Amino acid sequence: MTTTIQIHDQTFEILIQKENIAKRTRLIGIQLNLDYEKRCPIFIGVLNGCFLFMADLLKEVTIPCEVAFVKVSSYQGTNSSGKIKETLGLPENLHNRDIIVVEDIVDTGFTLSYLLQAIQEQKPASVKVCSLLLKPEALKTPIEALEYVGFEIANEFVVGYGLDYDGLGRNLTDIYSVKTVLPALAEM
Ligand code: IMP
Numbered sequence: 385m386t387t388t389i390q391i392h393d394q395t396f397e398i399l400i401q402k403e404n405i406a407k408r409t410r411l412i413g414i415q416l417n418l419d420y421e422k423r424c425p426i427f428i429g430v431l432n433g434c435f436l437f438m439a440d441l442l443k444e445v446t447i448p449c450e451v452a453f454v455k456v457s458s459y460q461g462t463n464s465s466g467k468i469k470e471t472l473g474l475p476e477n478l479h480n481r482d483i484i485v486v487e488d489i490v491d492t493g494f495t496l497s498y499l500l501q502a503i504q505e506q507k508p509a510s511v512k513v514c515s516l517l518l519k520p521e522a523l524k525t526p527i528e529a530l531e532y533v534g535f536e537i538a539n540e541f542v543v544g545y546g547l548d549y550d551g552l553g554r555n556l557t558d559i560y561s562v563k564t565v566l567p568a569l570a571e572m
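FYI, in the working numbering the residues of the sequence shown are 385 to 572.
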């Protein structure tokens with residue numbers, strides 16, 4: 385196993401090994417199977433970062449369920465977070481359904497709170513969030529629906545297992561954290 389990697393101008397060191405990701409994912413899956421027994425939830429993965437976690441998590445889910453993906457794009461604008469967001473591909477049949485939003489990471493929470501608002505407009509029966517990673521110190525808006533969290537990590541930039549640094553690193557099987565913080569990263 386490689387403990388240190390280089391992506392572009394940054395050095396990253398191992399933070400969470402794939403065996404631990406797999407163990408934690410299995411436990412979350414078991415919990416979901418218990419919590420959603422006989423309810424046929426819709427899992428909605430938030431692209432791009434969720435793709436590996438979503439796939440591995442759904443292999444642990446044995447109850448009947450539906451699967452969908454959504455993308456939240458953001459561009460510079462004038463609202464409070466400095467960005468205007470747009471939801472792409474949100475299913476239109478969420479009324480009275482149990483929804484589980486699957487995220488790779490919750491950082492400030494802005495993306496998620498925007499998405500949750502869009503989901504609530506369809507009046508689902510329930511909405512919960514399952515995120516592999518959470519940076520509690522970075523959270524800027526409370527997310528009450530955040531029920532299932534794989535790992536709480538420090539407020540540092542991470543790559544691997546779906547997460548990228550400037551487009552690279554999503555295919556790494558372990559999760560790495562940045563060793564040195566350069567201005568380019570501080571702005572992300
Ligand atoms: P939030 O809106 O600040 O919670 O940001 C959520 C999105 O930002 C995630 O879905 C990721 O795509 C991205 N993100 C946040 N922190 C990191 C990180 O440490 N590494 C890679 N992407 C990140």
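From the three backbone atoms N, C-alpha and C, an ideal C-beta is built for every residue, glycine too.
In this text the structure is predicted, and so the values were computed from the model without any measurement.
Per DSSP, the bridge partner or partners of residue i
i: F396; result: I389 and V562
i: E450; result: I426
i: L517; result: I489 and F535
i: L431; result: K455
Contact check, residue i vs residue j, beta carbons under 7 angstroms
i: A509; j: N480; result: yes
i: E487; j: K512; result: no
i: Y560; j: G544; result: yes
i: D491; j: K469; result: no
For residue i, the three-state DSSP class (helix, strand or coil)
i: L496; result: helix
i: G413; result: helix
i: L442; result: helix
i: F437; result: helix
i: K512; result: strand
i: K469; result: strand
i: K507; result: coil
Limits of the unbroken beta strand (DSSP E) element including residue i
i: E476; result: Counting along the chain, E476 falls outside any beta strand (DSSP E), and DSSP gives it neither H nor E.
i: D482; result: D482 to V490
i: E531; result: L530 to E536
i: G551; result: Run containing G551: none; DSSP gives neither H nor E here.
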